[in-house]
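Notes follow the structure.
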Amino acid sequence: MFKLIFGFFTALLLAAGAQAQSGYKIKTGDTLRVEVLEDDSLSRSTLVLPDGSITFPLAGGVAAAGRTVDQVRNDLTNALTPNFAAKPRVFVSVDALAEPAVQSAVVVPRAVRAVYVMGEITTPGMLEASRSTTLLQALAQAGGLTRFAADKRIQLRRGNKIYLYNYRTNGGSGISGSTVLVPGDVIVVPQRRLFE
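Here it is in structure tokens:
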């Protein structure tokens, strides 16, 4: 009897939490928790990037900012379905809210620069890099590449230019791992193709 009552109240609390999140509009900087029941290796927390999207293995980029958790879940489910024998069960929840914007602040110059790392990286998001932080150091600071990473096609996006970096050879026609990052740089680690 106790288990039945406990189970009922647990289900009631979970349903109330899910209903509260279903109307919430996701914002840039929020962290979403995505769980795929059919493949636990895909389950992860992912940051909503400045462009309003999230990146997810086998699904690529998915628009998230300004949308509800249900809308993002539906898009992820549809994007993942071709990779499974049956339609996967995907659960999306808001893991952490973005830091609120400061209305008035005193700007103190410091030697730290904001750079962004996205894609198939262990902890994507914004990094605070010093004046001498290199591309390779930023990848290490973000926890390294995931097993889905296309390590031969890492991109450094600086303004309107895209520079390529091969993590394996550290050379070629692209940039080197010792390239120093500048504020606003975006490092994109794309997903590996099928036989890459």
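Our numbering applies: residue -10 is where the sequence shown begins, and numbers increase by one. We treat Cβ as the ideally placed atom computed from N, Cα and C, and that holds for glycine. Since this is a predicted model, take the numbers as computed values, not measurements.
Within its own chain, the residues whose Cβ lies closer than 6 Å to the Cβ of R147, once the five positions on either side in sequence are excluded, are D174, listed in chain order. L38 sits in coil when the DSSP states are folded into three classes, being neither helix nor strand.
Following the DSSP letters along the chain, one finds T20 inside the beta strand (DSSP E) bounded by residues T20 to V25. Scanning the region 103 to 165 from its first residue to its last, the whole beta strand (DSSP E) runs of 3-plus residues come out as 114 to 119, 143 to 147 and 150 to 154. Three or more Cβ pairs closer than 8 Å define a contact, and the region 126 to 138 falls short of that threshold against the region 54 to 69.
Per DSSP, the unbroken alpha helix (DSSP H) holding A68 starts and ends at V58 to L69. Scanning its chain for C-beta atoms nearer than 6 Å, with the 5 sequence neighbours on each side dropped, one finds around R142 the residues P179, in chain order.
A direct Cα-to-Cα measurement between T35 and M115 gives close to 12 Å. Shown here, S82 sits in a strand according to DSSP, grouped into three states. In chain order, L21, V37, A53, A54, G55, R56, T57, V58, V61 and V83 place their CB closer than 8 Å to the CB of I15, counting only its own chain and leaving out the 5 sequence neighbours on each side. Of the other Cβ atoms in all chains shown, fewer than 16 fall within 10 Å of the Cβ of E88; this residue is therefore exposed.
Counting along the chain, I176 sits inside the beta strand (DSSP E) bounded by residues V175 to V178.
Going by beta carbons, V106 and A127 fall inside the 8 Å limit. When rounded, the separation of the alpha-carbon atoms in R102 and G49 is 27 Å. By the neighbour-count criterion, in which 16 or more other beta carbons inside 10 Å mark a residue as buried, A129 falls on the exposed side. For A53, no beta strand (DSSP E) encloses it, and the DSSP letter there is neither H nor E. Comparing alpha-carbon positions, the option among L47, K76, V171 and R181 lying closest to L26 turns out to be K76.
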